[in-house]
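So the sequence shown is residues 538 to 754, counted in this note's numbering. Backbone N, C-alpha and C fix where the C-beta goes; we use that ideal spot for every residue, glycine too. Written below as structure tokens is the structure these notes are about.
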Amino acid sequence: MEKLEFYENPKFHHVRHPLIEHKLAILRDIHTPTKQFVELAEEIAMLETYEATKDLPLEAVTVETPLEKATCYMVSGRAVGIVPILRAGLGMVSGVQKLIPNAKVGHIGLYRDHETHQPIEYYCKLPEDAENRTLIVVDPMLATGGSASDAIAMIKKRGVTKIKLCCIVSAPEGIRRILADHPDVDLYVATVDRCLNENCYILPGLGDAGDRLFGTK
Ligand code: PRP
Ligand code: URA
538 MEKLEFYENP KFHHVRHPLI EHKLAILRDI HTPTKQFVEL AEEIAMLETY
588 EATKDLPLEA VTVETPLEKA TCYMVSGRAV GIVPILRAGL GMVSGVQKLI
638 PNAKVGHIGL YRDHETHQPI EYYCKLPEDA ENRTLIVVDP MLATGGSASD
688 AIAMIKKRGV TKIKLCCIVS APEGIRRILA DHPDVDLYVA TVDRCLNENC
738 YILPGLGDAG DRLFGTK
């Protein structure tokens with residue numbers, strides 16, 4: 538298969554791992570029940586977080602082992618914030634928190650208008666010191682990229698400069714949109730799917746992530 542041009546962009550990260558592939562196969566399956574869907578979204582988010590946090594700054598600390606004092610390195614407590622795009626982004630928060638339990642969580646409310654497919658904003662609450670943190674924006678689906686692009690623009694208006702976007706399923710259209718609108722943002726995805734359908738749903742995708750996470754359909 539022809540390699541798509543965004544693989545050359547250093548800000549684009551396709552997180553590949555056999556466990557992610559395995560979990561994705563079950564996540565996509567129409568027969569997977571809500572409880573298992575929720576668990577898998579959390580687990581994939583956790584695996585992606587491992588990759589997305591590789592460049593977090595460390596600070597030296599002195600630790601007393603049973604034998605002597607040792608210089609060790611820890612992630613600064615004020616380093617990270619997690620920002621789910623409501624609703625479906627909520628399904629990834631616990632996975633990130635498992636690895637970074639002290640991260641503060643902000644929320645951005647956006648939904649796609651079903652007719653126009655354009656994102657409609659309805660909520661934004663970020664940690665007070667957001668501008669001092671690396672914010673990891675999470676949303677399982679990157680389709681046209683409109684929702685994530687708008688969410689990142691809202692965050693930038695608050696003075697935040699270190700932003701990463703973590704999605705599970707992505708379409709080439711959404712990837713191109715994020716890399717074009719926000720060339721400073723690192724984008725992490727677990728899979729790059731084929732294309733969008735006429736309703737801007739990802740193919741093959743997994744359907745409506747929010748509905749599958751919350752059992753609303
Ligand atoms: C979904 C998804 C993304 C958005 C992706 O949310 O969780 O936020 O669509 O589409 P885009 O890349 O074309 O903007 P949706 O609008 O269905 O809202 P929900 O999370 O409340 O279900
Ligand atoms: N939002 C979803 O939940 N699924 C898609 O395929 C596209 C947008």
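Just mark residue i as buried or exposed, buried being the case when its beta carbon has 16 or more other beta carbons within 10 Å.
i: M678; result: buried
i: K572; result: exposed
i: K591; result: exposed
i: S613; result: exposed
Less than 9 Å separating the beta-carbons of residue i and residue j?
i: I622; j: L647; result: yes
i: A727; j: I705; result: yes
i: G643; j: A667; result: yes
i: R749; j: F574; result: yes
Would you say residue i touches ligand 3, meaning its beta carbon is less than 8 Å from a heavy atom?
i: I622; result: Annotation note on ligand 3: not contained in the displayed structure, which lists ligand 1 and ligand 2 as its ligands.
On a CA-only basis, which of the options is nearest residue i? Give me that one, please.
i: V674; options: D650, Y659 and V633; result: V633
i: L740; options: F751, A708, F549 and D566; result: A708
i: K560; options: N546, A616 and A582; result: A582
i: E710; options: E576, T681 and L627; result: T681
i: Y725; options: G747, Y587 and E542; result: Y587
i: A578; options: V697, L556, P664 and K699; result: L556
i: K662; options: N546, L733 and K694; result: K694
Compute the beta-carbon to beta-carbon distance between residue i and residue j, rounded to the nearest angstrom, for a pair I have assumed lies under 8 Å.
i: S686; j: D718; result: 5 Å
i: H554; j: L584; result: 6 Å
i: T671; j: V617; result: 5 Å
| What runs of the alpha helix (DSSP H), each 4 residues or longer, lie entirely inside the stretch 562-644? | 571-589 and 627-636
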